[in-house]
Every structure is written in C-alpha cells, then in structure tokens.
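S.K.: No gaps in the numbering here: position 42 of the sequence shown is 42 in full-length UniProt numbering, and each next residue is one more.
Here a beta-carbon is modelled for each residue, glycine too, at the ideal position from N, C-alpha and C.
Starting off with a structure, shown below.
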Amino acid sequence: LTLIKNPSPTSKGCVGMLIKDQFILTAAHCVEGPGANPMVIVGATSVEGPHAEHGGQEVRTEMTFVHPQWTGNVEDGHDLALLKLNRKLNASSPTLVDRKHEGIPSSTRLGSQVFGFMLGSNLETAAFNV
C-alpha cells in the first residue's frame, strides 16, 4: 500500500501501488495541479496513526507522468499517473502483473480489495468489469 501524502485539492486522499522499485501507479486526479510531486508513504499497513509504526517509509517523488489522454474528468477515462520516486526502494516488493490472464474477455466481472480514505480505515472490496 502506498499513501499519497499531499494529494491534489480536489482529492480526499489517494493510494497507489509500487509497480517497480522506483515507480508508483496511482490515479491522475490524485496528482493534478500545484505540488504534483507529492510525498508518498510506501509500505504502510494502516491509514491511521504514525506511518512509521505501520511499516511505512516516507519518500519524495521527483517526477509525475500523467496519462496523455487524461482530461481532468474521471468519466472520460485515462485516470492514470506514474510517480517516479527520488530513490529506488529495496524494502517493498513491487506488485506483480498476472500474465496468465491477459486474455480475459472484456465483459468479465472481477473483484478487488481496495483501501481508500473516503472508505474509512478498513480494507474494502469492490467489483468491476474489465
């Protein structure tokens, strides 16, 4: 779990995932506007209390890459951004992509566990269509 420490003014709080030793995948709406290179807390297991107590490391981002087709409206899609950290991380394992299921039909309904500030501090479950 990666917490975006100072999300954009339009966001209530954001999370992301470590996909490589120096890159976080998050939503574009979390990093738009001034201060688009936020601090992140990588490896936290809770959104409450001091993050260091929950295994988190505070890391500065040095570059933000927003999807080129992001319009600022989540309904238009492409709500993706990559955050490049100012250093490589060794303590956390990147999230792995399951290549066995690349051919999933577009109408398939999947489930996911999500963790978001607007949902409270508990891990929640969501279903979505591919």
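To the nearest angstrom, how far is the alpha carbon of residue 68 from that of residue 75?
M.R.: C-alpha separation (whole angstroms): 15 angstroms.
S.K.: On the DSSP letters alone, give me the boundaries of the beta strand (DSSP E) that residue 88 sits inside.
M.R.: Premise fails: residue 88 is in no beta strand (DSSP E) and is neither H nor E.
S.K.: Just verifying my parser: in three-state terms, what is the DSSP assignment at residue 31?
M.R.: Three-state DSSP puts residue 31 in coil, outside helix and strand.
S.K.: Where do the N-terminal and C-terminal ends of the beta strand (DSSP E) with residue 22 fall, by residue?
M.R.: First-last for residue 22: undefined, no H or E at that position.
S.K.: Buried or exposed, going by whether 16 or more other CB atoms sit within 10 Å of the CB of residue 21?
M.R.: Per the 10 Å Cβ criterion, exposed.
S.K.: Taking C-beta to C-beta, are residue 31 and residue 59 nearer than 8 angstroms?
M.R.: Against a cut-off of 8 angstroms, the Cβ pair of residue 59 and residue 31 comes out as no contact.
S.K.: Between the C-alpha atoms of residue 82 and residue 66, what's the straight-line distance to the nearest angstrom?
M.R.: Roughly 7 angstroms separates the two Cα atoms.
S.K.: Would you kindly report the start and end of the unbroken beta strand (DSSP E) that includes residue 74?
M.R.: No beta strand (DSSP E) holds residue 74; DSSP gives it neither H nor E.
S.K.: So, is residue 96 buried or exposed, given that buried needs 16 or more other C-beta atoms within 10 angstroms?
M.R.: Confidence in residue 96 is poor, its pLDDT being 49 and thus under 50, which makes the residue's placement unreliable; the coordinate value appears in the next sentence. Exposed: under 16 other Cβ atoms inside 10 Å.
S.K.: What is the rounded straight-line gap between the Cα of residue 132 and the Cα of residue 78?
M.R.: Past the boundaries of the shown model lies residue 132; the chain is included only from 1 to 130, so the question cannot be answered.
S.K.: Relative to the C-alpha of residue 18, which residue among 62, 38, 43 is closest?
M.R.: Of the listed residues, the one whose Cα sits closest to residue 18 is 43.
S.K.: Provide the residue(s) that pair with residue 82 in DSSP beta bridges, ordered along the chain.
M.R.: For residue 82, which the question treats as bridged, DSSP gives the partners 25, 65.
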